[in-house]
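K.L.:
Take this structure first; my questions come after.
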Amino acid sequence: MIKIEFFHDVICSFCFPMSARMRRIAKNYSNIEINHRSFALGWEAEDFIRNFGSREAVKREVLSHWAHANKNDDEHRFNIEGMRQTDFNFPISKPGLKTAKAAGLIGGDSIYWDVFDRIQNKLFVENKNIEDIAVLEEAVKETSISFADWKAQFKNDETEKAVLADLQLAQAYGVNSAPTLVINQKYAIAGAQSQEEIEKLLDRISKDEGIPLNKLQTLQTDNTGGSCSIVDGKWKCD
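Listed below in structure tokens is the structure:
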């Protein structure tokens with residue numbers, strides 16, 4: 001069994017096409033297990049202010065990243081102009097990550113994934129504010145999870161602690177960008193790589209007898225996929 005830890009953030013533009021690719025890959029292989037991990041590009045408002053100078057400056061910068069992510073997306077689903085016309089500040093990571101984690105704690109990785117994807121669709125396609133609890137609840141209701149159970153879990157302190165544990169795990173691995181795949185606690189594939197490239201690397205790993213290492217071995221590829229990271233206190237998406 002190849003175990004993949006998928007580090008992604010609800011506000012990460014390149015995570016949107018990557019999630020769709022990983023769903024297709026999951027259907028193609030019977031010997032992989034995907035575990036979803038939180039990664040926060042902007043956990044709280046203070047992070048945005050520190051990185052961009054103000055909350056208001058975030059959207060203008062991030063929309064330029066969306067253009068690149070839309071080219072990366074196989075279906076080109078991003079509604080960039082729609083987002084430009086909205087009157088709310090670009091949302092932080094925390095509420096959406098907690099929403100998905102609450103679902104995962106109840107229903108496992110499958111329902112986490114469903115809720116995560118619905119949240120991202122709200123932002124990137126429907127241009128809704130996923131910092132707004134009403135929008136997040138709307139996303140949850142579009143999945144099969146019991147809303148009452150989710151609501152109770154969302155309010156449970158255990159949920160935020162579980163998200164923070166993921167963030168600590170990312171630091172321990174040395175994961176500093178999203179999306180990133182950590183495979184068998186040994187390899188890291190960073191960026192929204194093409195499905196063909198990901199499958200090629202998975203095939204390589206499946207043939208490798210591999211001894212677990214404490215430090216990840218980063219796989220270099222000929223094609224650098226898009227990702228978002230924080231470099232010297234600034235967002236960098238390419």
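In UniProt numbering, the protein residues as written are 1 to 238.
We put the beta carbon where it would ideally sit given N, CA and C, even for glycine.
1. With DSSP as the reference, please indicate the residues paired to CYS7 in a beta bridge.
2. State buried or exposed for ILE11, treating a residue as buried only when at least 16 other CB atoms are found within 10 Å of its CB.
3. Hey, SER38 and ASP166: beta-carbon distance below 8 angstroms or not?
4. Taking Cβ to Cβ, would you say LYS94 is nearer than 8 angstroms to THR159?
5. Would LEU175 and VAL140 be called neighbours here (beta carbons separated by less than 8 angstroms)?
6. Go ahead and label LYS71 buried or exposed: buried means 16 or more other beta carbons lie within 10 angstroms of its beta carbon, across all protein chains shown.
7. On a CA-only basis, which of ASP208, ILE183 and GLN193 is nearest ILE2? Give me that one, please.
8. Which residue marks the beginning of the alpha helix (DSSP H) containing ILE106, and which one marks its end?
9. My output table needs one value for LYS215: the three-state DSSP class, helix, strand or coil.
10. At the level of alpha carbons, what is the spacing between PRO82 and VAL163?
11. Under the three-state reduction of DSSP, which class applies to GLY174: helix, strand or coil?
12. Check each candidate in GLU142, LEU123 and SER146 and name the one with the smallest Cα separation from THR86.
13. So ILE133 and ALA103 are supposed to be a Cβ contact under 8 angstroms. How far apart are they, rounded?
14. Report the rounded CA-to-CA distance for GLU138 versus TYR112, giving the unit in angstroms.
15. Under 6 angstroms Cβ to Cβ from PHE78, same chain only, skipping five residues before and after it: list those, please.
P.N.:
On the basis of the supplied data:
1. Here the sequence assigns Phe to residue 7, which means Cys is not the residue at that position. Its beta-bridge partners are ARG37 and THR180.
2. buried
3. yes
4. no
5. Reading off the sequence shown, one finds Val at residue 175, where the question assumed Leu. No. Outside cutoff.
6. exposed
7. ILE183
8. Looking at the DSSP string, the run of the alpha helix (DSSP H) that includes ILE106 is 94-107.
9. Because LYS215 sits at a pLDDT of 31, beneath the cut-off of 50, its placement in the model cannot be relied upon, and the point is left open.
10. Before going further, note that residue 82 is Gly rather than Pro in the sequence given. Their Cα atoms are separated by approximately 30 angstroms.
11. coil
12. It is LEU123.
13. 14 angstroms between Cβ atoms; not a contact.
14. One C-alpha to the other measures close to 15 angstroms.
15. TRP66, ASN70 and PHE124
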